[in-house]
Each structure stands twice: as C-alpha cells, then as structure tokens.
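Numbering (the working numbering), first residue to last: 8 to 150.
#1: At what residues does the alpha helix (DSSP H) containing residue 44 begin and finish?
#2: One question on the structure: do residue 113 and residue 66 come within less than 8 Å of each other, judged by their Cβ atoms?
#3: Can you name, in chain order, every residue of its own chain whose Cβ lies under 8 Å from the Cβ of residue 60, other than the five neighbours on each side?
#4: Within 8 Å of any Cβ in chain C, is that where the Cβ of residue 145 sits?
#5: Count the other CB atoms, across all protein chains shown, that sit within 10 Å of the CB of residue 146; report buried if there are 16 or more and exposed otherwise.
#6: Assuming residue 143 and residue 116 form a contact by the criterion Cβ under 8 Å, report the distance between their Cβ atoms to the nearest whole angstrom.
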C-alpha cells in the first residue's frame with residue numbers, strides 16, 4: 008500500500024445518486040451541442056417567465072393599488088396547472104392535439120401581449136388582460 012486511503016465498504020465507494028445524475032447531465036451538455044442549446048434555451052425561457060410574472064404583478068399593483076387584483080392575477084396563472092393536475096394533460100395526449108395546442112397557445116399569448124401593449128398605451132382594462140395572459144401562458148408548458 009502506498010498510503011492511499013481505501014474505502015471501508017463498497018457502499019462508501021459508490022457515488023451518490025444525485026452526483027451520478029449531475030454527472031450525466033454535465034456529460035450530455037459537453038457531448039451534445041444541440042442538447043446544450045435546448046438546455047440553455049429552457050433555462051433562459053424560465054428566467055423570462057419569472058420576470059414576466061414579477062413584472063405583471065408589479066404593474067397590476069401599481070395600476071390598481073389592490074391586493075385583490077394581484078391575487079386574481081396569481082390565481083389565473085395557477086388555474087391551468089390545476090386543470091392539468093386533474094387529468095386534462097392525459098386527455099390531450101390521447102387526442103394527439105399537441106401541435107395545434109402549441110400553435111393556439113402561441114397565438115393567444117401573442118394576441119394578449121399585443122392587447123396589453125395597446126391597452127397600456129390607452130390606459131384601459133389592463134387589469135382584465137393581464138390575468139388572461141397568465142391564464143393562457145399557464146397552458147404553455149409541455150403537458
């Protein structure tokens with residue numbers, strides 16, 4: 008022996024499951040260029056979604072000065088996840104409508120964003136459109 012410390016058991020020598028998962032993620036990020044782009048775009052998209060949530064809640068608070076409207080905004084953002092949790096996701100998978108679903112969500116989301124911009128300029132009904140945007144964006148994640 009050269010003085011190197013030997014593990015007392017095989018369990019002590021085996022890496023933790025979380026270490027293995029992190030290692031496989033890092034290996035995939037290093038090995039596959041397309042996966043790097045997918046992973047990075049997912050991270051940046053999620054950061055953008057968080058920024059949108061904070062900004063719309065802040066805008067709602069500034070415009071209405073009412074906790075009710077900020078709460079309604081949060082509720083509208085949570086309704087899609089409640090529906091998916093109740094089984095709508097499985098139903099959509101069986102009906103094979105995901106391509107049309109993504110297109111419809113993108114169009115609805117874009118339309119509400121344009122609507123928010125126009126209503127923000129005019130100063131009308133922002134408190135109605137912002138919860139609608141949160142509701143539509145809640146259906147965006149893969150089901």
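We treat Cβ as the ideally placed atom computed from N, Cα and C, and that holds for glycine.
Considering the structure as presented:
#1: Along the chain shown, read from residue 1 onward, the residue named residue 44 stands at position 37. In the DSSP annotation of this structure, the continuous segment of the alpha helix (DSSP H) that includes residue 44 starts and ends at 40-71.
#2: Translated into the one-based positions of the chain shown, residue 113 becomes position 106. Translated into the one-based positions of the chain shown, residue 66 becomes position 59. The answer is no: Cβ separation not under 8 Å.
#3: Position 53 of the chain shown holds residue 60. For residue 60, where only same-chain residues beyond five positions count, the Cβ hits under 8 Å are 84, 141.
#4: Annotation note: the requested chain C is absent from the structure, which comprises a single protein chain.
#5: Looking up residue 146 in the chain shown gives position 139. It is buried - the Cβ of residue 146 has at least 16 other Cβ atoms within 10 Å.
#6: Position 136 of the chain shown, counted from the first residue, corresponds to residue 143. Position 109 of the chain shown, counted from the first residue, corresponds to residue 116. Cβ-Cβ separation between residue 143 and residue 116: approximately 5 Å, consistent with a contact (criterion under 8 Å).
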